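**Student:** Sending over a structure as structure tokens; questions will come in a sec.
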Amino acid sequence: MIKFLDLKSFNAQFDQEFMEAFNKLLNSGWYILGDNVKLFEENFATYCETNYCIGTGNGLEALTLIFRGYIELGKLKKGDEVIVPANTYIASILAILHAGLQPVLVEPNIESYNLDPNKIEDAITWKTKAVLAVHLYGHLAEMTEINTIAKKHNLLVIEDAAQAHGATDSQGQKAGNFGDASAFSFYPTKNLGALGDAGSVNTNDEELYKVVKKLRNYGTSSKYVNDIIGYNSRLDEIQALFLNIKLKTLDSENKRRKEIADFYLKNITNNKVILPNKNINLNHVFHQFVIRSDDRDDLVSYLMNNGVETLIHYPIAPHKQKALKEYNYLELPKTEEIHRTILSIPLNPILKLNEIETIVKLLNAY
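Take 689 as the starting number for the sequence shown in this note's numbering and just add one per residue.
In structure tokens:
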């Protein structure tokens, strides 16, 4: 069986270094907001070329804290509208709702699966105050166009970079450094994954940095001094320790992901399989390699019966979820087509050449 992702085998390369670092942490006696978190925040800010990084409990909370931070700063208020791609993972939308804001679901570009800039202005109302650009599957959204529109309408631009660690544009600018602030997730399956939940807020906005730093730790400015109503959303020392180790290999692993994606793009020739746009490799780190098929469910069974595990990211569109029943009435044909036809095939740095070739042969024979 070719697994979709074998995390145990992937993380085995870090075993010795991780255990040595863990024993050092264990013996230090400092387990919350210590040197490992501080070091990771410095390292990841440097990596993303942002001025600041604040470690958080997970990616959803990172995104929520950005919106809550801008409410504290008076740049947003409860009830303001935030434009968001309709086909994103539901966490993007939940963060907006958790902050007391109103998501406005906009159709994506079906070629990129990202927010379609051509549809943004039609969705803007007097209540619109921000755009949430999601770099879905590791592919950078069209940030030049999005930022131009946002500047014209005086909108905040927030990046959901949860799947795009290390993605760059043609000028080398990295995901997390295109908008006013960005949120990352370090869920174990991500390109930069921890051993559990973890996240970060990255920004060049000093005011936002200061308020998010308070919000993640009960709203405190110093011990037992609470300035604002906050949360407990602190990056754990153990997760920060592991992330510091893995960050050193992120670029080489992203390079390998692109090489595998390039092999797929060049060698999968079955016209029943719709591939990602062949021109996107430059600014894509392929957190997922997503194909489409009108016979998706049959293709899933065919691949599984031939020893290839696949996943669907994501089977139900957010506006069709029971949790978002107030949006169930919406008709979003591109979004619905995407969720009906998409399929993620294995793509990770430890795939062997014979496994990649097997996947290609099976898809071409379908």
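Just so it is clear, CB atoms sit at the ideal spot from N, CA and C, and this is done for glycine as well. All figures in this text were calculated on a predicted structure; none of them were measured in a lab.
May I ask you to verify whether the stretch 845-857 touches the stretch 806-817, counting CB pairs closer than 8 Å and requiring at least 3?
**Tutor:** Contact between the stretch 845-857 and the stretch 806-817 is absent, because fewer than three Cβ pairs lie under 8 Å.
**Student:** Hey, ILE1030 and ARG980 are a contact pair by Cβ (cut 8 Å); roughly how many whole angstroms apart?
**Tutor:** Contact holds; Cβ gap of about 6 Å.
**Student:** Classify LYS901 as buried or exposed, calling it buried when 16 or more other Cβ atoms lie within 10 Å of its own Cβ.
**Tutor:** Classification of LYS901: buried, given that the 10 Å Cβ count is 16 or more.
**Student:** Distance, Cα to Cα, LYS840 vs LYS817?
**Tutor:** Taking the straight line from one Cα to the other gives about 12 Å.
**Student:** Taking TYR777 as the reference, give the member of LEU1051, GLU1043, THR1023 and THR1046 with the closest Cα.
**Tutor:** When each option's Cα is compared against that of TYR777, the closest is THR1023.
**Student:** Within the continuous alpha helix (DSSP H) that includes GLU941, where are the two ends?
**Tutor:** Here the alpha helix (DSSP H) through GLU941 covers 938-955.
**Student:** Among all the DSSP beta bridges, which residues are the ones paired with GLY884?
**Tutor:** Its beta-bridge partners do not exist; DSSP assigns none.
**Student:** Excluding the 5 residues flanking ASN920 on each side, which residues of the same chain have their C-beta closer than 7 Å to its C-beta?
**Tutor:** Result list for ASN920: TYR906, in chain order.
**Student:** Is DSSP giving ASP985 helix, strand or coil here?
**Tutor:** Here ASP985 sits in helix by DSSP.
**Student:** Taking 7 Å as the cut-off, decide whether the C-beta atoms of PHE977 and ILE1033 are in contact.
**Tutor:** Yes. Within cutoff.
**Student:** Can you say whether ILE1017 is buried or exposed, counting buried as having 16 or more other CB atoms within 10 angstroms of its CB?
**Tutor:** Correcting the residue identity first, residue 1017 is Tyr in this sequence and not Ile. Exposed, since its Cβ has fewer than 16 Cβ neighbours within 10 Å.
**Student:** Using 10 angstroms around the beta-carbon of GLU1086, count the other beta-carbons present and answer buried if the total reaches 16, otherwise exposed.
**Tutor:** No answer is possible for residue 1086: it lies beyond the span of the chain, which begins at 689 and ends at 1054.
**Student:** Closest to ILE933 by C-alpha separation, out of TYR740, GLY887 and GLY881, would be which residue?
**Tutor:** When only C-alpha atoms are compared, the closest one is GLY881.
**Student:** In three-state DSSP terms, what is LYS966?
**Tutor:** Looking at LYS966 - three-state DSSP - the assignment turns out to be coil, as it is neither helix nor strand.
**Student:** Using alpha carbons as the reference points, say which of PHE872, GLU925 and LEU1041 lies closest to CYS736.
**Tutor:** Per the Cα distances, PHE872.
**Student:** How should GLU925 be labelled, buried or exposed, when 16 other C-beta atoms within 10 angstroms of its C-beta is the threshold for buried?
**Tutor:** Flag for GLU925 reads buried.
**Student:** Counting only runs that start and end within the stretch 810-843, where is the beta strand (DSSP E) found for 3 or more residues in a row?
**Tutor:** The stretch 810-843 contains these whole beta strand (DSSP E) runs: 816-822.
**Student:** Considering only residues of the stretch 721-765, which uninterrupted beta strand (DSSP E) runs meet the minimum length of 3 residues and lie entirely inside it, listed in chain order?
**Tutor:** Runs found: 740-744.
**Student:** Give the range of the alpha helix (DSSP H) segment to which ASN928 is assigned.
**Tutor:** In the sequence as presented, Asn is not what sits at residue 928; that position holds Ala. Its alpha helix (DSSP H) spans residues 925-935.
**Student:** Taking 7 Å as the cut-off, decide whether the C-beta atoms of SER800 and HIS827 are in contact.
**Tutor:** In this structure, HIS827 lies closer than 7 Å to SER800 by Cβ.
**Student:** Starting from ARG922, follow its DSSP beta bridges and name the residues at the other end.
**Tutor:** Paired residues: none, contrary to the question.
**Student:** Which term fits ILE1065, buried or exposed, when burial requires 16 or more other beta carbons within 10 angstroms of its beta carbon?
**Tutor:** For residue 1065 there is no data in the structure shown, the boundaries of the chain being 689 and 1054.
**Student:** Locate the alpha helix (DSSP H) running through VAL1048, then write down its first and last residues.
**Tutor:** Unbroken alpha helix (DSSP H) run through VAL1048: 1041-1053.
**Student:** Are the C-beta of HIS975 and some C-beta of chain C separated by less than 7 Å?
**Tutor:** The chain labelled as chain C is not found in the depicted structure, where only one protein chain is given.
**Student:** How would you label LYS862, buried or exposed, when you count the other beta carbons within 10 angstroms and need 16 or more for buried?
**Tutor:** When all chains shown are included, LYS862 counts as buried.
**Student:** Where does ARG1028 fall in DSSP's three states?
**Tutor:** In this structure, ARG1028 counts as helix in the three-state DSSP scheme.
**Student:** Are the CB atoms of GLU895 and ILE761 within a distance shorter than 7 Å?
**Tutor:** Checking the sequence, you will find Leu at residue 761 rather than Ile. Yes, the Cβ-Cβ distance between LEU761 and GLU895 is below 7 Å.
**Student:** Quick one, which of ASP857, ALA886 and PRO1006 has its alpha-carbon nearest HIS746's?
**Tutor:** Going by the sequence as given, residue 746 is Asn instead of His. Nearest of ASP857, ALA886 and PRO1006 to ASN746, Cα basis: ALA886.
**Student:** Whole angstroms is fine: what's the gap from LYS943's alpha carbon to PHE951's?
**Tutor:** So the alpha carbons of these two residues sit roughly 13 Å apart.
**Student:** Which stretch, first to last residue, makes up the beta strand (DSSP E) that contains PHE974?
**Tutor:** Element bounds for PHE974: n/a, residue is neither H nor E.
**Student:** Which whole-angstrom value describes the C-beta separation of VAL899 and ALA750, a residue pair presumed to lie in contact below a C-beta threshold of 8 Å?
**Tutor:** So it is not a contact: roughly 14 Å between Cβ atoms.
**Student:** Between the alpha carbons of SER780 and LEU935, how many angstroms are there, rounded?
**Tutor:** Answer to the nearest angstrom: the Cα atoms are 24 Å apart.
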